[in-house]
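Below is one structure; the comments refer to it alone.
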Amino acid sequence: MSETVQEKASFIVVANRLPVDRVISEDGEESWRTSPGGLVTALEPVMQNRGGAWIGWHGAADEKVEPFHHDGYDIIPVPLSSLDVERFYEGFSNGTLWPLFHDCIAEPVFHREWWDSFREVNRRFAQAAADHAEQGATVWVQDYQLHLVPKMLREMRPDLRIGFFLHIPFPPPELFARLPWRTELVEGVLGSDLIGFQFPGCVSNFIRMAKRLPGVEGARGRVHLPDGRMVAIKSFPISIDAVGMRNLATSPQVLAEAENLRHELGDPSTILFGVDRLDYSKGLASRVRAIGELFESRELDPEHVVFLQLATPSRERVAEYRALRDEIDLLVGRINSKSTSLARSPIAYRYTSVPRQTLAAMYQIADLMVVTPLRDGMNLVAKEYVACRSRNDSALVLSEFAGAALELKQAYMVNPYDIDGMKATIMQALRESPRVKARKMRAMRKQVFDHDIDLWAGTFLSELEGD
Ligand code: ADQ
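Heads up, our numbering is the position in the sequence shown plus 36, with the first residue counted as 1.
See the structure below:
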């Protein structure tokens with residue numbers, strides 16, 4: 037395969053971020069490394085087979101990076117200025133759309149200059165795709181930051197097959213309708229041939245919203261537009277590289293790291309574990325509160341039980357996220373300061389990202405995984421945990437508001453707004469007999485291994501391309 041950038045590609049992924057991170061070696065040399073992530077794992081083989089290009093932002097503002105070839109496919113960087121980052125990314129994407137699409141659990145902020153920037157940056161991405169697509173190519177646009185790209189791209193290049201996948205929920209029309217630019221957003225995504233959502237509720241929310249547009253008719257997974265075009269709308273629940281995750285978790289290095297970690301935590305008899313991006317949608321505060329109360333009431337004995345919680349730094353320049361960080365620091369500090377043991381704190385909390393291998397080791401030592409988002413498109417953490425638990429001897433507590441709840445039906449379901457209910461379910465899961473736990477875990481493992489990330493990408497693309 038050629039090592040130079042091809043002028044045109046037959047398969048293009050357009051996403052806000054590129055699948056590579058820049059690394060600078062000790063002698064100052066710059067190179068790019070594939071970033072770890074489900075989407076990259078899923079799409080890399082497809083791009084390598086078919087020849088492809090990935091269009092996205094490289095992560096640094098006010099810098100133009102030339103296209104380059106990486107691991108069998110082309111990388112086409114789209115530049116963003118620091119004002120674009122502030123208005124398009126932190127502003128409209130993460131201050132307006134993110135809370136709006138997560139059922140307004142935080143107040144969405146509407147600013148006209150953010151909207152102007154969102155439109156302008158979406159046009160830049162669409163133009164890059166139009167410039168690099170071969171005649172009749174397939175273009176797969178990812179996520180809420182690029183909601184307007186399908187229509188813009190179709191106007192520039194009507195010959196293309198355009199797919200769009202939304203990784204986050206699509207809210208009910210009653211909430212979505214608050215958006216001053218609701219029509220543009222719906223029309224924007226209707227430029228696609230196929231729109232994919234995480235779960236069926238999003239499909240019906242979207243179709244209800246689309247039918248509010250004049251001349252649009254829709255039913256059962258399709259929308260007919262006034263210009264005669266038909267758009268297919270379906271759910272494609274995203275998943276993980278289940279086999280890869282299991283193999284990593286059972287490798288000798290990870291098992292050794294797991295042993296060390298347990299020791300570092302003071303060799304407790306039971307470990308509860310949570311890992312999330314630090315985001316208000318993930319329900320971290322109510323989780324910490326519930327588990328804190330269980331420690332306080334001694335239903336969880338801090339001599340024997342540890343709650344390990346990792347939070348990945350996320351969107352730190354957005355005020356809402358900085359406030360959340362302080363709130364969690366305070367909550368955890370308060371609970372730990374009440375502990376009678378000087379040797380060990382009940383909550384081991386770290387605000388950091390960790391390598392995949394360490395994460396797998398943590399899944400290995402976790403007797404109970406606590407996943408309690410207030411709203412989540414899917415939640416891959418729940419699936420990763422299940423994939424790692426070869427011994428079937430542990431339990432998953434899962435919010436009913438995560439897309440994953442529709443697939444991992446044997447989890448211990450909780451309503452994260454109900455602290456007492458959560459406490460009772462956590463205790464029930466911990467006290468469950470090994471036989472019942474094993475039965476539940478086996479069923480969830482089957483679901484995750486039978487519906488992995490390859491199936492997700494394959495199903496979407498064959499639906500889009502009609503094979
Ligand atoms: P996210 O909101 O980022 O994704 P999630 O699905 O849980 O949420 O994926 C997070 C990923 O980051 C997981 O693979 C996890 O292992 C990893 N991760 C989290 N904390 C980490 C840490 N401290 N160190 C290392 N790795 C960490 C969005 C949507 C989700 C949807 C996905 C995919 O919000 O609902 O499931 O996209 O579509």
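Think of the CB as a built atom: it goes at the ideal place given N, C-alpha and C, for glycine as much as any other residue.
Three-way DSSP call (helix, strand, coil) for residue i in this model
i           : result
residue 37  : Model confidence at residue 37 stands at a pLDDT of 48, short of 50, so the residue's coordinates are unreliable; what they give is reported in the following sentence. Coil.
residue 492 : helix
residue 445 : coil
residue 472 : helix
residue 104 : strand
residue 45  : strand
residue 379 : coil
residue 217 : coil
residue 111 : strand
residue 501 : helix
residue 486 : helix
residue 307 : strand
residue 385 : strand
residue 279 : helix
residue 343 : strand
residue 193 : coil
residue 329 : helix
residue 91  : strand
residue 481 : helix
residue 99  : coil
residue 239 : helix
residue 286 : coil
residue 351 : coil
residue 369 : helix
residue 390 : coil
Under 8 Å between C-beta atoms of residue i and residue j
i           : j           : result
residue 227 : residue 270 : no
residue 297 : residue 398 : yes
residue 204 : residue 316 : no
residue 344 : residue 379 : no
residue 178 : residue 97  : no
residue 201 : residue 272 : yes
residue 367 : residue 321 : yes
residue 42  : residue 92  : no
residue 444 : residue 400 : no
residue 258 : residue 268 : yes
residue 101 : residue 113 : yes
residue 221 : residue 183 : yes
residue 277 : residue 489 : yes
residue 402 : residue 309 : yes
residue 175 : residue 60  : no
residue 58  : residue 66  : yes
Same chain, Cβ closer than 7 Å to residue i, neighbours up to 5 away in sequence not counted
i           : result
residue 37  : Note on residue 37: pLDDT 48, under 50, position unreliable in the model; the coordinate value appears next. Cβ within range, chain order: 108.
residue 293 : 393, 394, 397
residue 72  : 392
residue 217 : 151
residue 173 : 45, 46, 47, 48, 196
residue 225 : 183, 186, 200, 231
Opposing strand residues paired with residue i [DSSP bridges]
i           : result
residue 232 : 201, 270
residue 253 : 260
residue 66  : 60
residue 432 : 405
residue 178 : 201
residue 412 : 438
residue 50  : 91, 177
residue 321 : Answer by DSSP bridge pairing: none, since residue 321 is not bridged.
residue 450 : 435
Cβ shell of residue i (< 6 Å), same chain only, five flanking positions each side left out
i           : result
residue 476 : 446
residue 458 : 326, 450
residue 237 : none
residue 336 : 330
residue 208 : 241
residue 381 : 372, 375
residue 350 : 313, 314, 315
residue 133 : 180
Inter-residue CB distance, residue i and residue j (contact presumed, cutoff 8 Å)
i           : j           : result
residue 54  : residue 90  : 6 Å
residue 462 : residue 327 : 7 Å
residue 371 : residue 347 : With a Cβ gap of about 15 Å, residue 371 and residue 347 do not count as contacting.
residue 419 : residue 440 : 6 Å
The ligand ZN heavy atom lying under 7 Å from the CB of residue i
i           : result
residue 389 : No copy of the ligand ZN occurs in the structure displayed; its ligands are the ligand ADQ alone.
Beta-carbon proximity list for residue i, same chain, < 8 Å, skipping 5 on both sides
i           : result
residue 170 : 44, 45, 46
residue 80  : 55, 70, 107, 108, 109
residue 486 : none
residue 40  : 105
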